[in-house]
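Colleague: Residue numbers for the sequence shown, in the numbering used here: 23 to 111.
All C-beta atoms, glycine included, are put in the ideal place defined by N, C-alpha and C.
Quick caveat, the model's predicted, so the values are computed rather than measured.
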Amino acid sequence: MEGILYPWAKAIYEMKEGSMLIAEIQKNMKEKIRVSIEEYRGTRFIDCRVYFEDENGEWRPTKKGIALNADSIKEVIEALQKASKELKA
Numbered sequence: 023m024e025g026i027l028y029p030w031a032k033a034i035y036e037m038k039e040g041s042m043l044i045a046e047i048q049k050n051m052k053e054k055i056r057v058s059i060e061e062y063r064g065t066r067f068i069d070c071r072v073y074f075e076d077e078n079g080e081w082r083p084t085k086k087g088i089a090l091n092a093d094s095i096k097e098v099i100e101a102l103q104k105a106s107k108e109l110k111a
């Protein structure tokens, strides 16, 4: 695909086969949180991972993150919503 105009498109095409980038959230000047769907040994999961920008301007994954299977997603979302309400209170 030549002439890609969207900045997020590069990240999608750089991801490995079987991966799907869902969102990128800017954490700070040097870090992003990427939410993606990944597959490992035939099992699909959601990966929320912190990426950092290296000296060449490439985005690299860190060990900071969490992988969620389909069974735990609803509970994690509910817990995050509850925590968000507490922060606003």
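The beta strand (DSSP E) that contains Ser41, what's its start and end?
Modeller: Start at 1 with the first residue of the sequence shown, and residue 41 comes out as number 19. It is not in any beta strand (DSSP E) - Ser41 carries neither H nor E in the DSSP assignment.
Colleague: Please determine, among Thr65, Ala89 and Arg66, the residue with the shortest C-alpha to C-alpha distance to Ile55.
Modeller: The sequence position of residue 55 within the sequence shown is 33, counting from 1. Selected option, being the one with the closest Cα: Ala89.
Colleague: Kindly indicate which three-state DSSP category Ala111 falls into: helix, strand or coil?
Modeller: Locating residue 111 in the sequence shown gives position 89, where the first residue counts as 1. Correct three-state label for Ala111: coil.
Colleague: Between the beta-carbon of Lys86 and the beta-carbon of Val72, is there less than 8 Å?
Modeller: Here residue 86 refers to the residue found at position 64 when the sequence shown is read from its first residue. Here residue 72 refers to the residue found at position 50 when the sequence shown is read from its first residue. Yes, these two residues count as a Cβ contact at 8 Å.
Colleague: Assuming Ile44 contacts Ile59 (C-beta within less than 8 Å), just tell me the rounded distance between them.
Modeller: Stepping through the sequence shown from its first residue, residue 44 is reached at position 22. Stepping through the sequence shown from its first residue, residue 59 is reached at position 37. Yes, Ile44 and Ile59 are in contact; Cβ-Cβ is about 6 Å, under 8 Å.
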